[in-house]
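Below you'll find the structure, written out as structure tokens, and then a few comments.
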DNA sequence: AGTGACGTGGGTAACGTTTTCCAAATGTTT
DNA sequence: AAACATTTGGAAAACGTTACCCACGTCACT
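Protein chains in written order, with UniProt numbering: chain A, 1 to 342; chain B, 1 to 342.
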């Protein structure tokens, strides 16, 4: 009953079946130079007849593995899923297979995961919102083609794709000011590291908020609760803001999950949205679009970001010494039912 | 400026530095038999001093890759994220690295992803809610240790971990009957394939619903809308049920997303929940727990399922010929605000 | 003292590809 | 027709690790 699974087919079997050398088969597999159309045809047929599939492990030892590693800090963040969709769609008809490393929140876990991907000879890496030190990222990028998504700042070693978070924050503030709000508060992700303070999207959003408030002459109204980009962080942040002597009339949460937490705290305080207070999020995740919630949010087009990252990566794999590029996309505001006139 | 990344360290470098053979280093790396404590110490130190990391590609060619592949049909389903958490937590302090293959909805994509994992010499596979034919799963399991999660039915080739969906459906029906409901309807995922009809969780839930209704003497009240496990499916299913000559007083949706769709349709029909109609879901996803929704749902403890799957898999990698096991977990009901007395 | 078992370490041949040559055949130019 | 470039196919050496086997020394027991 438990027949012992026949030995895996190798390139040698294909070569024998097609009556050619293994070199020839290898050339056909890689679309390499030096194989005539007739040879291609013959080998392709042998491959199809035998159902041969090359071993990535063996390939990796000399050449490519045709594997692209994607690091995601958090699976539950739907925005990241959009980015991933963009990557897989873009890579769908190529020879590359995308593999994901889960659970890499924190610098230590991130380092472990990146090492694991390098150990597995991946051809390229997409790092989404990495928190590692810039020096480390540069080292990684020197040993394997890398694209960093969602982290500002340029590097000579890796390409980057970001959204213009400063512009995104401004969109929200402009919208709220247009509705007559003045006391507009912000819930940010607490950050201490200096480099990250300059490069991480959360910091840029907080900066964008401050700049936009100043631009509207509302410098005196700037009010920030510093918690974290989680639902609990939003809940806590909103509680802090609601306890102010003069309550804000609008809250700009740095992320949709944060806005959700804020909504809970607001409901618990017996206030209504948008009657008593307006709330806006960031990311335009599926959650924001969900009917009963209907959250005003900034849309980043994660699919577009992912697709661009994949394109840049494949490009770099083909040409490792080209100059690095920084791609910045413009966000848009999606107005829903959680924001209204003050 | 772009120093050309020094050649990667190999086991030979370590062997030379520690003044021993490569065989010895390999033994230490694998915790294999035949190395004295003194030898271990010496080699460990050399590894640490040089910062050596073994190449998974080379290892895969002869032995293990220390990589476990997980196939998820859908990243956005939070229940699957829980399973994954369970897997990574369980494997956290082992030598195994978990890699995920994204976007495998549909039999064809699933086949491609499984092949890709096999090609990459993964040591073991966790397949979550696979839709492939049973024959195919058996073939896969013969070539690489495999655990199937969330699919009923036993196999001599692979272990399986499931939730008792029949019991889960019964929990919901019991609860609703206890509240005085009699006209309890169900929204199921439409299924035609015979094997899947017996093995997929959705079919089991529908079965459990029927059995429980009969057990309560409510055979005449059985009413099923057959759509799909999506939000749109829930919306459509609820519309169908609401259009019945005699409206049901409670709807048991086969999944939380389905319940969400149903809630939308009910609200659109001008009815209230749970005043006019009670709604229950399945999965106890974060969405169900979210305050404003507060959906009564069946909890499957995905973390527990994932942890068990990982345990079984590691066990099987170590002992490939042991008998297969089927592990079935008991669900619990989480009562929230969408169900009330009839 | 002889014998066998065991613990310890190493030499070497795989593993399945790709890469780097090289030779032969074919085509093109003078 | 000679000289040279190009195309086509293959032989053989990597790539970095592990599996298999053997040798040597030590120890316990006849």
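Glycine included, every Cβ here is placed at the ideal spot set by N, Cα and C.
At a Cβ threshold of 8 Å, is residue 76 of chain A touching chain B? Under the Cβ criterion of 8 Å, residue 76 of chain A is counted among the residues facing chain B.
With C-beta atoms as the reference, is residue 95 of chain B less than 8 Å away from residue 50 of chain B? Not a contact, by the Cβ cut-off of 8 Å.
Buried or exposed by the 16-neighbour rule on C-beta atoms within 10 Å, applied to residue 195 of chain B: Burial call: exposed.
Beta carbon of residue 252 of chain A nearer than 8 Å to that of residue 184 of chain A: In this structure, residue 252 of chain A lies near residue 184 of chain A, with their beta-carbon atoms less than 8 Å apart.
Leaving out five residues before and five after residue 152 of chain B in sequence, what residues of the same chain have Cβ atoms less than 8 Å from its Cβ? Residues of the same chain with a CB within less than 8 Å of the CB of residue 152 of chain B, apart from the 5 flanking positions on each side, are 160, 162, 165, 198, 199, 200, 201 and 204 in chain order.
Residues in its own chain within less than 6 Å of residue 30 of chain A by CB, not counting five upstream and five downstream? For residue 30 of chain A, there are no CB contacts under 6 Å within the same chain when 5 residues up- and downstream are skipped.
Contacting residues, own chain, Cβ-Cβ under 7 Å from residue 308 of chain A (five flanking each side not counted): Excluding positions up to five away in sequence, the list reads 161 and 327.
For residue 71 of chain A, which beta-bridge partners are listed by DSSP? Residue 71 of chain A is bridged by DSSP to A:101 and A:127.
Where does residue 279 of chain A fall in DSSP's three states? Here residue 279 of chain A carries a strand assignment [DSSP, helix/strand/coil].
Span of the alpha helix (DSSP H) around residue 269 of chain A: According to the DSSP assignment, residue 269 of chain A belongs to no alpha helix (DSSP H), since it is labelled neither H nor E.
In or out: residue 135 of chain A buried (at least 16 other Cβ within 10 Å) or exposed? Counting the other CB atoms within 10 Å of its CB gives residue 135 of chain A a total below 16, which places it among the exposed residues.
Along the stretch 106 to 123 of chain A, what residues have a CB closer than 7 Å to any CB found in chain B? Those would be 115, 116, 119, 120 and 121, in chain order.
Quick check on residue 53 of chain A - is its C-beta less than 8 Å from some C-beta in chain B? Taking 8 Å as the CB threshold, residue 53 of chain A lines the interface with chain B.
Taking 7 Å as the limit between beta carbons, can you name the residues of its chain near residue 98 of chain A, skipping five residues before and five after? For residue 98 of chain A, where only same-chain residues beyond five positions count, the Cβ hits under 7 Å are 68, 70, 87, 88 and 91.
Inter-residue spacing [alpha-carbon to alpha-carbon] between residue 337 of chain B and residue 172 of chain B: For residue 337 of chain B and residue 172 of chain B, the gap between their C-alpha atoms comes out near 14 Å.
Could you list which residues in chain B have their beta carbon closer than 7 Å to that of residue 58 of chain A, in chain order? Neighbours of residue 58 of chain A in chain B, taken as residues at a C-beta separation under 7 Å, are given in chain order as 61.
Does DSSP put residue 200 of chain B in a helix, a strand or coil? Coil at residue 200 of chain B, not helix or strand.
Taking only beta-carbon positions, decide if residue 296 of chain A is within less than 8 Å of chain B. Interface annotation, residue 296 of chain A: not in contact with chain B, CB-CB separation never under 8 Å.
Tell me which same chain residues have a C-beta within less than 7 Å of the C-beta of residue 158 of chain A, skipping the five on either side of it? These residues qualify, in order along the chain: 137, 141, 146, 147, 148 and 324.
According to a CB-to-CB cut-off of less than 9 Å, which residues of the stretch 82 to 104 of chain A neighbour chain B? Contact annotation: in the stretch 82 to 104 of chain A, residues whose CB is within less than 9 Å of a CB in chain B are 84, 85, 87, 88, 89, 92, 97, 98, 99, 100, 101, 102 and 103.
In three-state terms, what does DSSP make of residue 227 of chain A? If DSSP states are grouped into helix, strand and coil, residue 227 of chain A belongs with the strands.
Please identify, using Cβ separations under 9 Å, the residues of the stretch 251 to 281 of chain A that lie next to chain B, in order along the chain. Listed in sequence order: 260, 263, 264, 267 and 268.
With DSSP run on the structure shown, which of helix, strand or coil describes residue 327 of chain B? Strand at residue 327 of chain B.
Can you tell me whether DSSP reads residue 290 of chain A as helix, strand or coil? Here residue 290 of chain A sits in coil by DSSP.
Separation of residue 249 of chain B from residue 342 of chain B, as counted between CA atoms: For residue 342 of chain B and residue 249 of chain B, the distance between alpha carbons rounds to 7 Å.
Within 8 Å of any Cβ in chain B, is that where the Cβ of residue 73 of chain A sits? It does not: the Cβ of residue 73 of chain A has no partner Cβ on chain B nearer than 8 Å.
Less than 8 Å between the beta carbons of residue 18 of chain B and residue 46 of chain B, yes or no? Contact flag set, yes.
Is the beta carbon of residue 212 of chain A sitting closer than 8 Å to the one on residue 256 of chain A? Pairing residue 212 of chain A with residue 256 of chain A gives a Cβ-Cβ distance that is not under 8 Å.
Can you list the residues of chain A that residue 291 of chain B reaches, using a CB-CB cut of under 9 Å? Residues of chain A passing the Cβ test: 260, 263, 264, 267 and 268.
Give me the Cβ distance between residue 118 of chain A and residue 72 of chain A, rounded to the nearest whole Å; I'm assuming they're in contact under 8 Å. So it is not a contact: roughly 17 Å between Cβ atoms.
Just the C-alpha distance for residue 298 of chain A and residue 317 of chain A, rounded to the nearest angstrom, thanks. So the alpha carbons of these two residues sit roughly 33 Å apart.
Which same chain residues end up closer than 8 Å to residue 102 of chain A when comparing Cβ atoms and leaving out the 5 residues on each side of it in sequence? Cβ-Cβ distances below 8 Å link residue 102 of chain A to 72 and 75 in the same chain, with the five nearest sequence neighbours on each side left out; the list follows chain order.
Determine which residues share a DSSP beta bridge with residue 161 of chain A and list them. According to DSSP, which records beta bridges pairwise, residue 161 of chain A is partnered with A:149 and A:327.
Quick check: is the beta carbon of residue 32 of chain A nearer than 8 Å to any beta carbon in chain B? Interface with chain B (8 Å Cβ-Cβ cutoff): residue 32 of chain A is excluded.
In the DSSP assignment, find the unbroken alpha helix (DSSP H) run with residue 315 of chain A in it and report its ends. Run containing residue 315 of chain A: 302 to 318, per the alpha helix (DSSP H) assignment.
Show which residues of chain B have a CB atom less than 9 Å away from the CB atom of residue 286 of chain A. Those within 9 Å of residue 286 of chain A in chain B are 76.
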